[in-house]
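Numbering (the numbering used here), first residue to last: 17 to 118.
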């Protein structure tokens, strides 16, 4: 019932893009320090820009997914007598909400 995997995947994607941006910046800094060809530096900056363009969209998707999951958990927890969702699913969703940063 709860789409926990979706939220975890988005969180991992965001983490990947952040790490990739940091690595790419280090790569550019090293190229500059080593006096690499300007064309190579420019191409690496383009790669960094492409990675940075993914960050806002990933953050937006994560925030929306987080809100959706939080709303679902709140709905089912407030309806304590609900038989639709097994308690372990609610606990798993709450764990995801705690682990995923927004």
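Ideal placement from N, C-alpha and C gives every residue a C-beta, glycine not left out.
Taking 7 Å as the limit between beta carbons, can you name the residues of its chain near residue 93, skipping five residues before and five after? Translated into positions along the chain shown, residue 93 becomes position 77. Correct list, in chain order: 106.
List the whole-angstrom C-beta distance separating residue 78 from residue 40, where the pair is believed to meet the contact cut-off of C-beta under 8 Å. What you label residue 78 is simply residue 62 of the chain shown in a count that begins at 1. What you label residue 40 is simply residue 24 of the chain shown in a count that begins at 1. The C-beta distance from residue 78 to residue 40 rounds to 21 Å, too long to fall under 8 Å, and the pair is not in contact.
Leaving out five residues on either side along the sequence, give the residues of the same chain with a beta carbon under 8 Å from the beta carbon of residue 47. If you number the chain shown from 1, residue 47 lands on position 31. Here the set comprises 56, 57, 60.
Helix, strand or coil at residue 45 [DSSP, three-state]: As a position in the chain shown, residue 45 is number 29, starting the count at 1. Helix at residue 45.
Would you give the residue range spanned by the alpha helix (DSSP H) that residue 50 belongs to? Within the chain shown, numbered from 1, the residue matching residue 50 stands at position 34. No alpha helix (DSSP H) holds residue 50; DSSP gives it neither H nor E.
Out of 31, 95, 49, state which residue places its alpha-carbon closest to the alpha-carbon of residue 68. Looking up residue 68 in the chain shown gives position 52. The shortest C-alpha separation from residue 68 is found at 31.
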